[in-house]
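Report on the structure given below.
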Amino acid sequence: MSNSINYEYIIEAVQLDLDEYVDEDGLTVTEASGKIIEEDWQNINTSDFIKYSYLVNLALEGIKRKQLPDFLYEKLSHAGEAISKIENNESEELKKDFNIYQDNLKQKLFNVIETSASDKSRIDYILNQKQ
């Protein structure tokens, strides 16, 4: 399935899933982001490009909703070098969105939502799984 995953697919999947989980199911942005990572772990862990595409787009969507889960903030705070090394036909889109994310951080028009140590550990575990 990872062969059919492109950047546009990730953007749409993140938006649709967040809309469903937050707007319809009543989850918080943090809960919804964690659920998406948990459900899509096999796709997310196929490459750095896909992993960071999910994380950046989850963060951007969270910021649009004025909430950034701390686990996304923490993961992306050390991602600049890894993202800059990604080279494929869609990497420029990811790099552009990462720059937009960084610009949003400077504006601080959102809240960073704290999660428990166990939730962060679960996310770390999921993001470090190999297929």
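Residue numbers (the working numbering): 538 to 668.
Here a beta-carbon is modelled for each residue, glycine too, at the ideal position from N, C-alpha and C.
These numbers come from a predicted model, not from an experiment.
Task: Helix, strand or coil at Ile650 according to DSSP, with G and I counted as helix - done: strand
Task: Chain-order list of residues whose beta-carbon lies under 8 Å from that of Ile587 (same chain, five-residue window excluded) - done: Ser539, Ile542, Ile547, Asn580, Ile581
Open item on the list: Taking the alpha-carbon of Ile650 as reference, which of Glu545, Asn641, Tyr662, Thr565 has the nearest alpha-carbon?
Closed with: Thr565
Task: Collapsed DSSP secondary structure at Gln604 in the structure displayed - done: strand
Task: Endpoints, alpha helix (DSSP H) assigned at Ala569 - done: From DSSP, the alpha helix (DSSP H) with Ala569 extends over 566-576.
- [ ] Output the boundary residues of the alpha helix (DSSP H) element that contains Ala619.
- [x] Per DSSP, Ala619 is one residue of the alpha helix (DSSP H) stretching across 617-622.
- [ ] Label Ser655 either buried or exposed according to how many other C-beta atoms from any shown protein chain fall within 10 Å of its C-beta, with 16 as the threshold for buried.
- [x] exposed
TODO: Along the alpha helix (DSSP H) that carries Ser483, what are the first and last residues, could you check?
DONE: What the structure shows of the chain is the stretch from 538 to 668, and residue 483 is not part of that stretch, so it cannot be assessed.
Open item on the list: DSSP three-state label for Ile548, please.
Closed with: For Ile548, the three-state secondary structure derived from DSSP is helix.
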